[in-house]
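What follows is a single structure, written as structure tokens, with notes after it.
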Amino acid sequence: MLQQLNFPTRTLSLEKPLVMGILNITKDSFYDGGRYLSEEGILSRVEQILAEDADLIDVGAMSTRSNAIEIPEAEERDTIRCGVQLIREHFPQALISIDTWRASVAAEAIAAGADMINDISGGTFDPDLIPLVGEKQVPYCLMHTPAKPDIMQQCTHYEDILHEILHFLEQQLEKLQAEKVHDIMIDPGFGFGKTLGQNYFLMQHLEAFQVFGLPLLVGVSRKSMIYKLLDVSPQDALNGTTVLNSYALLHGAKILRVHDVKAAVEARTICEALMPKTL
């Protein structure tokens, strides 16, 4: 199992799970769209994420919620570049992940000082992205989704969902390794082209994803698999998020991608106390 992540400026140990705070500089993300569009809003959110002890910040400029419509590439690229430059200027020590599937956006972000790429498509939406990540030698999160967000919830038929996702990840890992991409994380893609029942089936079989010997990233924060099951809104889904994050940590997750950093850090502390230790 990979024991650390090597970023351009420093290394993070994976002995303790990591917490990745979400910064959506978007107008229409399902939970916090429109909150962080100004420079003041972005900086305030970054300050909060870091003050609550996040290890990474995941910045996205295009919503990937169900039925989301793609924004123009130039718009995403410009928004990301300005966001990364702003964060880097005011918080030079922050580790910045970029949530994008476009190679041009990734290239612009890395040039501006981003540290890793978080790709919902696992390299399938833009064939130039995996070679770019290999060239730039930054960490990469490989996620599964069967289709782009606007139609992904129409693509939830699987003969054997666990086998098919593992096979997809294996195929994409071969492409990443061919491009000499290092420090790869695996994300099953909760909420992306999966029904409510399929999401919970994958959570029940989370340990199967350890077969690759790579750190597992889990992103369920305030998602529909929580708020639809509980019949609440995303705004009322923090308790459910913490329950699932705790379950994920106890079943092998090494990175939690979350809106609520403080709650995730507390869940991590308690779950670590529950882990078997030699006394």
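For the sequence shown, the working numbering begins at -5 and goes up steadily by one. Idealized CB from N, CA, C, for every residue including glycine.
Item: For Q229, three-class secondary structure by DSSP; Value: helix
Item: Contact under 9 Å by Cβ, Y194 with M219; Value: yes
Item: Burial state of I92, where buried means 16 or more other Cβ atoms lie within 10 Å; Value: buried
Item: DSSP state of V99 mapped onto helix, strand, coil; Value: helix
Item: Sequence ranges, alpha helix (DSSP H) only - wholly within the stretch 171 to 195, length at least 4; Value: none
Item: Unbroken beta strand (DSSP E) run spanning G15, endpoints; Value: L12 to N18
Item: Element boundaries [alpha helix (DSSP H), containing A257]; Value: V255 to L268
Item: Spatially closest choice to V175 from M137, Q204, L200 and P133, by CA coordinates; Value: P133
Item: Touching by the beta-carbon criterion (3+ pairs, under 8 Å), the stretch 145 to 159 and the stretch 98 to 110; Value: no
Item: CB of L210 within 9 Å of CB of M179, strictly; Value: yes
Item: Beta-carbon spacing of I249, M(-5) below 9 Å; Value: no
Item: Local Cβ density within 10 Å of T94, reported as buried at 16 or more and exposed below that; Value: buried
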